[in-house]
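Inspection log for the structure reproduced underneath, given as structure tokens.
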Amino acid sequence: MKRRDLLRAGALLPLGAALPAVAETFDPGWLIGGWSGEGSFMGRPSSATLDARMAIGGKFLEIEWQVATTGDKPVRYEGRGLYRPGAGGWDGHWFDSSGAIRPLAASMESTAVRVQWGTAETERGTSLYALAGDTLIVEDTVLAAQGPRTFATHRLKRRS
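With numbering that gives the first Met the number 0 applied, the sequence shown covers 0 to 159.
Spelled out as structure tokens, the structure:
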């Protein structure tokens, strides 16, 4: 798939592209705390919670994510990511309820975190955590055989 097609499809960054350099002093204070809200997961209505905190002596940003669909045969998904700052951006790993462990590369901005996750051998995609007013928008996209496909979008409000 060509770069312009990825961008037109709503991908955050072309997969495999270098992330912009980010100062190690990024302050994720706008993201820290508890968030909850509604959206869709795999095409089904869902509720979600996100808890973000500085962890392990303040050296890592930890994000916990839980999603539950409603209706017949509900689906529940849980994941946890640990991110560490570096001269070239933030990196880390994502652990989830499917048993998967995925590498992370993140670009931190004043009110957005853009993440590339996975490997060519497993599954690759992008996640966006963006603050719009008092709403945290979380969007997850996977690179499918047919191109990028958004599989989850949630709008969350701060609960703590």
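Built from N, CA and C at the ideal position, the CB exists for glycine as well. Just so we're clear, the structure is a prediction, and the values are computed from it rather than from any experiment.
request  = Return helix, strand or coil for glycine 42, following the three-state DSSP convention.
outcome  = coil
message = Taking the alpha-carbon of glycine 80 as reference, which of Ser35, Leu142 and Gly117 has the nearest alpha-carbon?
response = Gly117
key: Cβ-heavy atom distance, isoleucine 62 to the ligand COA, below 7 Å   = The model on display carries no ligand, and the ligand COA is accordingly not part of it.
inquiry  = So, for glutamate 178: in the same chain, excluding its five sequence neighbours on each side, which residues have a beta-carbon less than 6 Å away from its beta-carbon?
reply    = There is simply no residue 178 to check, as the chain begins at 0 and stops at 159 in what is shown.
request  = Pick helix, strand or coil for glycine 132, following the three-state DSSP scheme.
outcome  = coil
query = Thinking just about the alpha-carbon of each residue, which of Gly98, Ile136 and Met107 is nearest to the one in threonine 121?
reply = Gly98
message = Taking the alpha-carbon of glycine 88 as reference, which of Arg113, Ile100, Leu30 and Ser35 has the nearest alpha-carbon?
response = Arg113
query = For glutamate 37 versus histidine 153, is the C-beta spacing smaller than 8 Å?
reply = yes
Residue nearest to serine 106 in terms of C-alpha spacing, selected from Ile136, Ser45, Pro84 and Arg148 = Pro84
task = Report all residues from its chain with a CB closer than 8 Å to the CB of aspartate 233; omit the five preceding and five following residues, and keep chain order.
result = Since the displayed the chain opens at 0 and closes at 159, residue 233 lies outside it and no answer follows.
task = Can you grab the Cα-Cα spacing for the pair phenylalanine 40 / lysine 72, in whole Å?
result = 13 Å
request  = State buried or exposed for valine 74, treating a residue as buried only when at least 16 other CB atoms are found within 10 Å of its CB.
outcome  = exposed
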